[in-house]
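Residue numbers for the sequence shown follow my numbering, so the first one is 23 and each next one is one higher.
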Amino acid sequence: MIKLQRRCLLILVAVLLLSAQPVAAQSTQDLAKQLSNPVASLISVPMQLNYDKNIGSDDQGERLVLNLQPVVPVELNEEWNLISRTILPVIKQDHVPAGTSSSGTGDIVQSLFFSPQTPGSHGWIWGVGPAFLLPTASDRLLGSEQWGGGFTAVALKQNMGLTYGALMNQVWRLAGDDDRQKYNALFLQPFVSYTTASALTYSLNLESTYNWTTEEWGVPVNVAASQVFRVGNQLLSVGAGLRYWADSNAGTGEGVGFRITLTMLFPR
Numbered sequence: 023m024i025k026l027q028r029r030c031l032l033i034l035v036a037v038l039l040l041s042a043q044p045v046a047a048q049s050t051q052d053l054a055k056q057l058s059n060p061v062a063s064l065i066s067v068p069m070q071l072n073y074d075k076n077i078g079s080d081d082q083g084e085r086l087v088l089n090l091q092p093v094v095p096v097e098l099n100e101e102w103n104l105i106s107r108t109i110l111p112v113i114k115q116d117h118v119p120a121g122t123s124s125s126g127t128g129d130i131v132q133s134l135f136f137s138p139q140t141p142g143s144h145g146w147i148w149g150v151g152p153a154f155l156l157p158t159a160s161d162r163l164l165g166s167e168q169w170g171g172g173f174t175a176v177a178l179k180q181n182m183g184l185t186y187g188a189l190m191n192q193v194w195r196l197a198g199d200d201d202r203q204k205y206n207a208l209f210l211q212p213f214v215s216y217t218t219a220s221a222l223t224y225s226l227n228l229e230s231t232y233n234w235t236t237e238e239w240g241v242p243v244n245v246a247a248s249q250v251f252r253v254g255n256q257l258l259s260v261g262a263g264l265r266y267w268a269d270s271n272a273g274t275g276e277g278v279g280f281r282i283t284l285t286m287l288f289p290r
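Here you go:
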């Protein structure tokens, strides 16, 4: 089943690339730069497919996760924006844990960033706000069955096509099933990307997660490239890349996986 879904997504990406029509280079370059900024004033709907294997103590598990990640900025006043970033995972996994198979939605992570409309001192862009874990998993194997809350922050700088910075959040358990492992996780994502004049972006990031309860890291290194196109009247960004697990545990993959992204853009 996972192999079939993977092939269908690859075919979809190929069709989009073949039918895409480039738009003015300057406008797409600006949009591509905004996509590298987590708190940009740009409405977008990223869809991110991740595939990992060698999951579990016997290395037999595999997981396909489609993250739906709508980003909606709201202008609060002339100085501040509120950026809503939602992550809803749709998961298909086999042998996680061993001998099981499950599919459905996972837990939602909701972040809200309060961010100045203009860069601060020395050109730094930043945002800070609350983060929430919502127990929306359709199967107990796909979620924590707990409510969580904490904070999130991001800081970055953009110059001459280069974007670099870091995003983080810390979420603690607030309520939920007492029989499940207590949720207490730190997420760290240092990132760097370069956008060319033709709106082609090369990116590198580490999506490190530390479980304070089990004292374990999960660290995938992601390398990818993406391009902004116009398909009809719709602006899109299509990308692909590889991920390598530099550090892993029983709940993460091992070795090499892949990532495919499709983002719908709605510039204002």
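Idealized CB from N, CA, C, for every residue including glycine.
For this session: Select from K179, I65, G128 the residue whose C-alpha is nearest the C-alpha of K114.
Result: G128
For this session: For P289, count neighbouring C-beta atoms within 10 Å of its own C-beta (all shown protein chains included) and say buried if the count is 16 or more, exposed if not.
Result: exposed
Problem set entry | Bounding residues of the alpha helix (DSSP H) (the contiguous stretch that carries D74) | Element bounds for D74: not the alpha helix (DSSP H) but the beta strand (DSSP E), 65–77.
Exercise. Buried or exposed: which applies to A120, given that a residue is buried once 16 or more other Cβ atoms fall within 10 Å of its Cβ?
Worked result: exposed
For this session: Would you check if the stretch 98–109 and the stretch 249–268 touch, i.e. whether three or more CB-CB distances between them fall below 8 angstroms?
Result: no
For this session: Over the uninterrupted beta strand (DSSP E) stretch that includes S137, give me the two end residues.
Result: 130–138
Exercise. Out of S215, S166, Y186, N227, which has the shortest C-alpha to C-alpha gap to N233?
Worked result: S166
Exercise. Is it right to say Q48 is buried, meaning 16 or more other beta carbons lie within 10 angstroms of its own, or is it exposed?
Worked result: Unreliable placement is indicated for Q48, whose pLDDT of 43 sits below 50; the coordinate value is still reported in the next sentence. Answer is exposed; the Cβ neighbour count stays below 16.
Problem set entry | When M286, T283, G275, L178 are compared against S78, the one with the closest alpha-carbon | As written in the sequence, residue 78 is Gly, which differs from the Ser given in the question. Ranking the options by Cα distance to G78, first place goes to G275.
Problem set entry | Of the listed residues Y266, A247, S259, S225, nearest to G240 (C-alpha basis) | Y266
For this session: From the DSSP output, in three-state form, read off D200 for me.
Result: coil
Exercise. Alpha carbon to alpha carbon, what distance is there between F213 and A46?
Worked result: Unreliable positioning characterises A46 in this predicted model, as indicated by a pLDDT of 48, which lies under 50. A coordinate reading is not provided.
For this session: Find the nearest neighbour of A219 within the set Q211, D201, Q249, judged by alpha-carbon distance.
Result: Q249
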